[in-house]
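Residue numbers (the working numbering): 352 to 818. C-beta: ideal position from N, C-alpha, C; glycine also. In this text the structure is predicted, and so the values were computed from the model without any measurement. Shown next, in structure tokens, is the structure this report addresses.
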């Protein structure tokens, strides 16, 4: 139910429900009201009632960015959860998954704490993890990332229909792509790896698991793709990421295959062994550094822990450390990688979001192609805004003006510890989105100057990713 909101929003709710029925999909971004945003844990009355009580008790509290819920935790945990606890991890929760935010090591770097609301749940250890990833290597537990297996004789044909990019490029290739709706809006932001000609692994965000799974199954049923299985295999694999300039040097000491750029180029995925254990290594990144994601089967207890500890021990002589998701957030913002539900959504197209490189208009057909062709010259563009004061951090919805005219609002924000600037992302009218121009953003009644950038703020030529 909607409680009082059902009365206040009845007209709008009725309108969008009718449109959804007629069009077969929402005609606007309704993710904040979508039942699929809830994890399976909410099917438990005990879990749901505890969360309802907690939310009701905190209804009139001041809610700062980065706030965490406390009841019914932990629920889903990584196979190496106990290692994290033993090593002073500070946990957050997403989609009922217990995840490492950061590790408690030091209280230095307080001078970088953001002003106002953005600094309330800030922690200086994120700075340490950010810089270590850029200078040596960070080792991350990403086991919560959702994993969907698509297999069957028409798997490649199906994925090429639902994905904007060409994903059928041969075995052991990983392809970054978006899944679009009929309007060209982004329904999902994913990586698809061809394990075999009829077997693909799709990786998406932790909180997107149910949304993306139901979207894929819906399209498969509507378009009658038979002999096709679409399964959630998130719990079947632990996933560990290692990124940084020393990642290759570290992994070469424990891995049985050649990790040189020539033998293992970017966007490849290969079977390998670490400490005698079979794994799959995919050369991809979400932080803007050289590195790999390592997929380890969870079928045999203790195996993921052995791989993790082998990686940690191999990294120590090189200065590598375990890092958490808050460091991933600062690293990906600095690099300019998008996040679904934050900078991109069902109402934004790849061309507006600067993701045209992940669209293959030469394919015969895919969902949203017709709309994309019509909208290939976008009227708005996603840009980065930088602030010289790194403590002046936007966190979303701050208004933006140019020549005393409101031209947009902040979608996301954070700190770039490598470039030593605060960062915001926003969609601006294309005629306003001029690289290098100045613009103003309002922080609690004060207009603060910012600089527009239409390219990556860190390593714009991708030299570090492809080294």
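Contacting residues, own chain, Cβ-Cβ under 6 Å from residue i (five flanking each side not counted)
| i | result |
| --- | --- |
| residue 512 | 717 |
| residue 440 | 451 and 454 |
| residue 605 | 625, 661 and 665 |
| residue 376 | 532 |
| residue 762 | 694, 776 and 777 |
| residue 417 | 472 |
| residue 371 | 377 |
| residue 722 | 534 and 535 |
| residue 757 | 750 |
C-alpha gap between residue i and residue j, whole angstroms
| i | j | result |
| --- | --- | --- |
| residue 610 | residue 395 | 45 Å |
| residue 608 | residue 534 | 44 Å |
| residue 872 | residue 368 | Residue numbering for the chain in the displayed model covers 352 to 818; residue 872 lies beyond these limits and cannot be assessed. |
| residue 517 | residue 582 | 22 Å |
| residue 655 | residue 580 | 26 Å |
| residue 628 | residue 750 | 52 Å |
| residue 407 | residue 460 | 36 Å |
| residue 594 | residue 755 | 43 Å |
| residue 490 | residue 435 | 12 Å |
| residue 707 | residue 794 | 32 Å |
| residue 681 | residue 612 | 26 Å |
| residue 571 | residue 379 | 23 Å |
| residue 474 | residue 463 | 10 Å |
| residue 744 | residue 715 | 44 Å |
| residue 822 | residue 477 | Outside the shown range of the chain, which is 352 to 818, sits residue 822, and nothing can be said about it. |
| residue 575 | residue 683 | 38 Å |
| residue 569 | residue 479 | 44 Å |
| residue 423 | residue 790 | 44 Å |
| residue 813 | residue 588 | 29 Å |
| residue 760 | residue 784 | 13 Å |
| residue 548 | residue 679 | 32 Å |
| residue 738 | residue 800 | 7 Å |
| residue 567 | residue 456 | 42 Å |
| residue 712 | residue 411 | 49 Å |
| residue 399 | residue 753 | 45 Å |
Per-residue DSSP class, three states only, for residue i
| i | result |
| --- | --- |
| residue 453 | strand |
| residue 466 | coil |
| residue 726 | coil |
| residue 753 | strand |
| residue 797 | strand |
| residue 473 | coil |
| residue 587 | helix |
| residue 603 | helix |
| residue 406 | helix |
| residue 802 | strand |
| residue 731 | strand |
| residue 598 | helix |
| residue 458 | coil |
| residue 759 | strand |
| residue 375 | coil |
| residue 559 | helix |
| residue 542 | strand |
| residue 480 | helix |
| residue 564 | helix |
| residue 784 | coil |
Whole-number beta carbon distance between residue j and residue i, since they are thought to touch under 8 Å
| i | j | result |
| --- | --- | --- |
| residue 658 | residue 626 | 6 Å |
| residue 529 | residue 709 | 6 Å |
| residue 633 | residue 497 | No, residue 633 and residue 497 are not in contact; Cβ-Cβ is about 15 Å, not under 8 Å. |
| residue 556 | residue 468 | Their Cβ separation, rounded to whole angstroms, is 24 Å, which puts residue 556 and residue 468 out of contact at 8 Å. |
| residue 546 | residue 552 | 6 Å |
| residue 388 | residue 558 | 7 Å |
| residue 446 | residue 560 | 7 Å |
| residue 770 | residue 735 | With 8 Å as the limit, residue 770 and residue 735 do not qualify as a contact, their Cβ atoms being about 10 Å apart. |
| residue 430 | residue 449 | So it is not a contact: roughly 12 Å between Cβ atoms. |
| residue 786 | residue 806 | 7 Å |
| residue 696 | residue 536 | 7 Å |
Neighbourhood of residue i by C-beta, 7 Å cutoff - its chain only, sequence neighbours within 5 removed
| i | result |
| --- | --- |
| residue 438 | 454 and 673 |
| residue 603 | 610 |
| residue 635 | 525, 542, 618 and 644 |
| residue 725 | none |
| residue 731 | 703, 778, 779, 780 and 781 |
| residue 521 | 545 |
| residue 699 | 536 and 537 |
| residue 488 | 593, 594, 595, 597, 598, 601, 666, 669 and 671 |
Other residues of its chain near residue i: CB distance less than 8 Å, five sequence neighbours each side excluded
| i | result |
| --- | --- |
| residue 810 | 639, 686 and 816 |
| residue 421 | 405 |
| residue 767 | 681, 684, 685, 737, 741, 773, 774, 808 and 809 |
Chain D contact for residue i (CB, 7 Å cutoff)
| i | result |
| --- | --- |
| residue 804 | As a matter of chain content, chain D is missing from the structure shown, which is built from one protein chain. |
Any non-hydrogen atom of the ligand GDP closer than 6 Å to residue i Cβ
| i | result |
| --- | --- |
| residue 550 | Inclusion of the ligand GDP in the displayed structure is not the case, the ligand content being empty and no account of it being possible. |
(request) Could you name each continuous beta strand (DSSP E) segment of 3 residues or more that falls completely within the stretch 614–686, going from the start of the chain to the end? (result) 620–625, 628–633, 642–648 and 672–674
(message) What ranges does the beta strand (DSSP E) occupy inside the stretch 497–535, keeping only unbroken runs of at least 3 residues that lie completely in it?
(response) 497–503 and 525–531
(request) Could you pull out every unbroken beta strand (DSSP E) segment of at least 3 residues lying fully inside the stretch 383–448, listed in chain order? (result) 440–445
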